[in-house]
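Asker: After the structure tokens below, expect a handful of questions from me.
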Amino acid sequence: MESYVYEPIDLANASFRLVRPYQDDTGPIRCELFHAQIHDAKDAIEYEALSYTWGGTIKSCNIELNGKNMPVTERLFHALQHLRYTHEDWIFWIDAICLDQQNISERGHQVQQMAPIYGFARQVVFWLGLATPNTDQIFASMQILE
Numbered sequence: 323m324e325s326y327v328y329e330p331i332d333l334a335n336a337s338f339r340l341v342r343p344y345q346d347d348t349g350p351i352r353c354e355l356f357h358a359q360i361h362d363a364k365d366a367i368e369y370e371a372l373s374y375t376w377g378g379t380i381k382s383c384n385i386e387l388n389g390k391n392m393p394v395t396e397r398l399f400h401a402l403q404h405l406r407y408t409h410e411d412w413i414f415w416i417d418a419i420c421l422d423q424q425n426i427s428e429r430g431h432q433v434q435q436m437a438p439i440y441g442f443a444r445q446v447v448f449w450l451g452l453a454t455p456n457t458d459q460i461f462a463s464m465q466i467l468e
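Here is the structure:
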């Protein structure tokens, strides 16, 4: 499969990218990446901002982005696996996908836009990683304390 190549965003008009994972619990992770403007996000586009621990920087997993291949870290891959199982059509801002990390001028511009990007999000979703036996015990203990 051909590798994904970013289309430039309009830096003069506060453009940014959002990603929509397709709901599919069996196949490869497929997503649509599209452009939006921050003022549209404030007024019309409902999206979540995904915050997660990057972990390693090795991009050992792949997703399909607009029909093309995009390598992602294992942690982001697991987050997308779980988030696509919901019954909602979610739209996300995810820095590792929505920012062209190789484009220095875009990256610098988008970092300056992070306050409104996070601020206009409907909510910020935190992904801490896959559950372990210890996390299962912690959640069970929390239920007992309730």
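Counting in my numbering, the sequence shown runs from 323 upward without gaps.
The beta-carbon is built from N, C-alpha and C at its ideal position, and this holds for glycine as well.
Within the continuous beta strand (DSSP E) that includes arginine 339, where are the two ends?
Answerer: Walking along the sequence shown from the start, residue 339 turns up at place 17. Start and end: 337-343.
Asker: Name the DSSP beta bridge partners of leucine 387, please?
Answerer: On the sequence shown, residue 387 is found 65 positions in, with the first residue counted as 1. Cys353 and Lys390.
Asker: What do you reckon, are the CB atoms on glutamate 329 and arginine 342 nearer than 8 Å?
Answerer: Taking the sequence shown and counting its residues from 1, the one referred to as residue 329 is at position 7. Taking the sequence shown and counting its residues from 1, the one referred to as residue 342 is at position 20. Not a contact, by the Cβ cut-off of 8 Å.
Asker: I need the straight-line Cα distance from alanine 469 to glycine 451, nearest angstrom please.
Answerer: Outside the displayed range of the chain (323 to 468) lies residue 469, so it cannot be described from this structure.
Asker: Quick one: what's got a C-beta closer than 7 Å to alanine 443's C-beta in the same chain, skipping five residues either side?
Answerer: Residue numbering aside, residue 443 sits at position 121 when the sequence shown is read from its first letter. Hits under 7 Å: Tyr369, Glu370, Ala371 and Trp415.
Asker: With a 10 Å radius around its C-beta and 16 neighbouring C-beta atoms as the bar for buried, classify tyrosine 326 as buried or exposed.
Answerer: For the purposes of this step, residue 326 is identified with residue 4 of the sequence shown, where counting begins at 1. In this structure tyrosine 326 is buried. Its beta-carbon is surrounded by 16 or more other beta-carbon atoms within 10 angstroms.
Asker: Could you give the DSSP three-state label for valine 433: helix, strand or coil?
Answerer: Residue numbering aside, residue 433 sits at position 111 when the sequence shown is read from its first letter. Looking at valine 433 - three-state DSSP - the assignment turns out to be helix.
Asker: Quick check: asparagine 391 and methionine 323, are their CB atoms within less than 8 Å of each other?
Answerer: Sequence index remark: in the sequence shown, residue 391 carries index 69 (1-based). Sequence index remark: in the sequence shown, residue 323 carries index 1 (1-based). The answer is yes: Cβ separation under 8 Å.
Asker: Does the beta-carbon distance from glutamine 435 to arginine 429 come in below 8 Å?
Answerer: Counted from its first residue, the sequence shown places residue 435 at position 113. Counted from its first residue, the sequence shown places residue 429 at position 107. No. Outside cutoff.
Asker: Taking 6 Å as the limit between beta carbons, can you name the residues of its chain near leucine 387, skipping five residues before and five after?
Answerer: On the sequence shown, residue 387 is found 65 positions in, with the first residue counted as 1. If we look at leucine 387 and ignore the five residues flanking it on each side, its Cβ neighbours are Tyr326, Cys353 and Leu355.
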